[in-house]
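**Q**
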Amino acid sequence: MRIVLVGPPGAGKGTQAAYLAENLSIPHISTGDLFRANISQGTELGKQAKAYMDAGRLVPDEVTIGMAEDRLLQPDAARGFLLDGFPRNVGQAQALDAFLAKTKVSLDAVLDLEVPEEEVVKRIAGRRLCRNDGSHVFHVEYNPPADDNVCDTCGGELYQRSDDTEEAVRIRLEEYHSKTEPIIDYYKQQGLVRTIPALGKVAEVTQRAMDALQREA
Ligand code: AMP
């Protein structure tokens, strides 16, 4: 299956994407994780992206689209993928459609994770990520690690993202409403959107998403 996951920052995209990708045996492709990996490896692409990310702004399309397409060309994505954080504006959605059309494939579904705004802010403030693997995500209150600052899954060091500050979160939400939300209408016109209420236990949300994938949009 070829799936796009959409939702505001803090909706639980990374957490859900990891479970869904495993259930469906497809790679989880997160442009945020790809940027963070480039930053920690000190690449040119990472240097270009860092200032935008720290400010909570979208990285320009010229950088982002090429990076996403390179990843989609890897052999493991040939039979399906779960995109998390891409596309994030209508231009990127059009570029993705054109890219897929070249190999005569198309998306199967767009999962829209819905969360109230006050919940988003609480979730982001307590979020902790593992340095070894961005899909190992914890929350100081909702999903605390057994040992502070240590990942339960792999023992890696937990950290708080540099763009999880109050100011960057406010800007990320603005970017989401003005630039990313319009892609939901874009995909509605293609009949692809399944809306998933994303409050509740992680496993319940995963189940809702799996059920929604079985249904017609
Ligand atoms: P995420 O991990 O998905 O929350 O992404 C973190 C940050 O990476 C975003 O706030 C953007 O600065 C950047 N980013 C990730 N994906 C994209 C994208 N598709 N387009 C532009 N910027 C992106």
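Throughout, this note's numbering is defined as the position within the sequence shown, counted from one, plus 4. In this text, a Cβ means the ideal position worked out from N, Cα and C, and glycines have one as well. Remember, predicted model here, so these are calculated numbers, not experimental data.
Do the segment 42-55 and the segment 150-160 touch if we need at least three Cβ pairs shorter than 8 Å?
**A** no
**Q** Any heavy atom of ligand 1 within a distance shorter than 8 Å of the CB on N42?
**A** Taking the sequence shown and counting its residues from 1, one reaches residue 42 at position 38. Relative to the non-hydrogen atoms of ligand 1, the Cβ of N42 never comes closer than 8 Å to any of them.
**Q** Would you say the beta carbon of L62 is closer than 8 Å to some non-hydrogen atom of ligand 1?
**A** Taking the first residue of the sequence shown as position 1, residue 62 is located at position 58. At least one heavy atom of ligand 1 is nearer than 8 Å to the Cβ of L62, so yes.
**Q** Following the continuous alpha helix (DSSP H) through S44, name the residue where it begins and the one where it ends.
**A** Translated into positions along the sequence shown, residue 44 becomes position 40. Start and end: 35-44.
**Q** Consider the Cβ of Q98: report whether some Cβ of chain B lies at a distance smaller than 9 Å.
**A** No chain B appears in this structure, which consists of one protein chain only.
**Q** Bridge partners of I200, per DSSP?
**A** The residue you call residue 200 lines up with position 196 of the sequence shown. Answer is L117.
**Q** Is R6 helix, strand or coil when you go by DSSP?
**A** Position 2 of the sequence shown, counted from the first residue, corresponds to residue 6. It is a strand residue.
**Q** E170 to R219, Cα distance in whole Å?
**A** What you label residue 170 is simply residue 166 of the sequence shown in a count that begins at 1. What you label residue 219 is simply residue 215 of the sequence shown in a count that begins at 1. About 38 Å.
**Q** Look at the Cβ atom of I7, then the Cβ atom of L100, and state whether they are nearer than 9 Å.
**A** Start at 1 with the first residue of the sequence shown, and residue 7 comes out as number 3. Start at 1 with the first residue of the sequence shown, and residue 100 comes out as number 96. Cβ distance not < 9 Å, so I7 and L100 don't count as in contact.
**Q** Can you check DSSP and say which residues form a bridge with C134?
**A** Here residue 134 corresponds to residue number 130 of the sequence shown, with the count starting at 1. In the DSSP output, where bridge partners are listed per residue, C134 has L162.
**Q** Evaluate L77 with the Cβ neighbour count: other Cβ atoms within 10 Å of its Cβ, from every protein chain shown; 16 or more gives buried, anything less gives exposed.
**A** Counting from 1 along the sequence shown, the entry for residue 77 is found at position 73. Exposed, because fewer than 16 other Cβ atoms sit within 10 Å of the Cβ of L77.
**Q** Using 10 angstroms around the beta-carbon of N93, count the other beta-carbons present and answer buried if the total reaches 16, otherwise exposed.
**A** The residue you call residue 93 lines up with position 89 of the sequence shown. When all chains shown are included, N93 counts as buried.
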